[in-house]
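Novice: In this note's numbering, the protein residues as written are 649 to 1048.
Note that beta-carbon positions come from the ideal geometry of N, C-alpha and C, so glycine has one too.
For reference, the structure I am asking about is given below.
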Ligand code: PMP
């Protein structure tokens, strides 16, 4: 009956967007809801970046660009990898797309055969399994418990690899857990991968600049240079420069993969918006003081949330090492009763309860493959976060 492709049957809409929509629907009814569902920086894009976009538009940079971006953006990305990550790439090794999300989509489209497996350490970014499934692959979920810092270990990785493994996804610092990896931890994973030459690595480093407690960021490419020919280092301007709406992501990778991704790009979206590319050049080449100002603000908010949530009986939170989320454990609420007599059967019920009774929108752990948790975004002001924590505390306090 339906004219929708059967391809779509395997995927579901983004859970964080769904949470946000549920919050909006309640708001439309006049309910005062705090939306901590969707994660994007609440800061404006730095003024010099906006100015560069305006100047580019006025100067006539309003035409299609090459599928792999303008020469200027590729040079700026090469410079960024060199300066910030100690990675030596050439402009030909670079791909540019509409956000890191499209980079990941193109990489999977370029490589997955039906039944190929992608190892996803859980908790994972909600879009990974859906993209893998949409493109015919099979997600292999590896639960990475909080007790080991939500990190994938060499042992877990070794167990998950099969002859069909095509990709290992890494995301550091991670959404939703905030987990970061040390050089030694990455090298331990690299040692396993060295024994399995069929496995490609997608390292999603989009939160690299949002790292706390003085931690230094090590790119997977820097930690494991011997895997360069099968590593795709993914990044973008969305999080570091408060540019989520500009839709620019980029990556560096091996020649055959880059070539295939550029072919997809040329036959689908043609190129990224020329003006957004000019803005990205200004972001990467320009002053970086706003990036560290944002980082400090995110760290202060992380501290506030950890302190606040730890005072709530029934919830637990290990301090996130980076990114702007808190992945809050709610195991001790499961099976208990709300004031209306409903049983909190799982973390989806907990998130629904917090929305309807606490008026705080969050995303249940079910969306991220590791339960029972719920994720809140900490990318909002300290006042709003304090109010949200107070509401969560009251709601949780009423659970019998
Ligand atoms: N990767 C991760 C881990 C993310 O959390 C997000 C955004 N929520 C993205 C990629 C997408 O970033 P972009 O805006 O560059 O598409």
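In terms of alpha-carbon separation, which member of 796, 979, 837 lies closest to residue 809?
Specialist: The candidate whose alpha carbon is nearest that of residue 809 is 837.
Novice: How long is the line joining the alpha carbons of residue 802 and residue 652, rounded to whole angstroms?
Specialist: Their backbone Cα atoms lie some 41 Å apart in a straight line.
Novice: For the structure I just gave you, are there three or more beta carbon pairs, one from the region 769-783 and one from the region 896-907, closer than 8 Å?
Specialist: Touching, no.
Novice: Give the straight-line distance between the Cα atoms of residue 860 and residue 1048, rounded to the nearest whole angstrom.
Specialist: Each residue's alpha carbon lies about 36 Å from the other.
Novice: In this structure, what does DSSP give as the bridge partners for residue 883?
Specialist: 898, per the DSSP bridge assignment.
Novice: Whole angstroms are fine: how far does the CA of residue 703 sit from the CA of residue 785?
Specialist: Each residue's alpha carbon lies about 43 Å from the other.
Novice: Given this structure, state the Cα-to-Cα distance separating residue 926 from residue 895, to the nearest angstrom.
Specialist: Spanning the two alpha carbons is a distance of roughly 12 Å.
Novice: Do the region 710-717 and the region 931-942 make contact, defined as three or more Cβ pairs closer than 8 Å?
Specialist: With the cut-off at 8 Å, the region 710-717 and the region 931-942 do not touch.
Novice: With hydrogens ignored, establish whether the beta-carbon of residue 1013 is closer than 7 Å to any heavy atom of the ligand PMP.
Specialist: No - the ligand PMP has no heavy atom lying nearer than 7 Å to the Cβ of residue 1013.
Novice: If you run the structure through DSSP and keep just helix, strand and coil, what is residue 852?
Specialist: Looking at residue 852 - three-state DSSP - the assignment turns out to be strand.
Novice: Extract the residue ranges of the beta strand (DSSP E) inside the region 802-852, only unbroken runs of 3 or more that lie entirely within it.
Specialist: Counting whole runs of 3 or more residues, the region 802-852 contains the beta strand (DSSP E) stretches 813-819, 848-852.
Novice: On the DSSP bridge assignment, give the partners of residue 683 in chain order.
Specialist: Bridge partners of residue 683: 1009.
Novice: Within its chain, find whatever has a CB closer than 6 Å to the CB of residue 852; leave out the 5 residues flanking it on each side and keep chain order.
Specialist: So the list reads 819, 882, once near-sequence residues are dropped.
Novice: In the structure shown, what three-state DSSP assignment does residue 739 receive?
Specialist: Residue state, collapsed to three classes: helix.
Novice: Just the C-alpha distance for residue 682 and residue 1009, rounded to the nearest angstrom, thanks.
Specialist: Their Cα atoms are separated by approximately 6 Å.
Novice: Which runs of the beta strand (DSSP E), 3 residues or longer, sit entirely within the region 708-763?
Specialist: List check, beta strand (DSSP E) in window: 742-745.
Novice: Going by DSSP, name the residue or residues bridged to residue 1023.
Specialist: Beta-bridge pairing links residue 1023 to 975, 1011.
Novice: Is it buried or exposed, residue 961, if we count other Cβ atoms within 10 angstroms and call 16 or more buried?
Specialist: With fewer than 16 other Cβ atoms within 10 Å, it is exposed.
Novice: Could you check whether residue 1022 and residue 995 sit closer than 8 Å to each other, using their CB atoms as the reference points?
Specialist: Yes, these two residues count as a Cβ contact at 8 Å.
Novice: For residue 939, does the three-state DSSP call read helix, strand or coil?
Specialist: Reduced to three states, the DSSP call for residue 939 is helix.
Novice: Is it the case that the CB of residue 852 approaches a heavy atom of the ligand PMP more closely than 7 Å?
Specialist: Under cutoff, so the answer is yes.
Novice: Compare the Cα-Cα distances from residue 1033 to each of 980, 694, 953, 828 and report the closest residue.
Specialist: Taking only the C-alpha atoms, the option nearest residue 1033 is 953.
Novice: Report whether the distance from the Cβ of residue 748 to the nearest heavy atom of the ligand PMP is below 7 Å.
Specialist: It does: the Cβ of residue 748 is within 7 Å (strictly closer) of some heavy atom of the ligand PMP.
Novice: Counting pairs of Cβ atoms below 8 Å between the region 731-751 and the region 855-871, do you hit three or more?
Specialist: With a cut-off of 8 Å, the region 855-871 and the region 731-751 count as touching, because enough Cβ pairs lie within range.
Novice: Would you identify the three-state DSSP class for residue 917, choosing helix, strand or coil?
Specialist: Looking at residue 917 - three-state DSSP - the assignment turns out to be coil, as it is neither helix nor strand.
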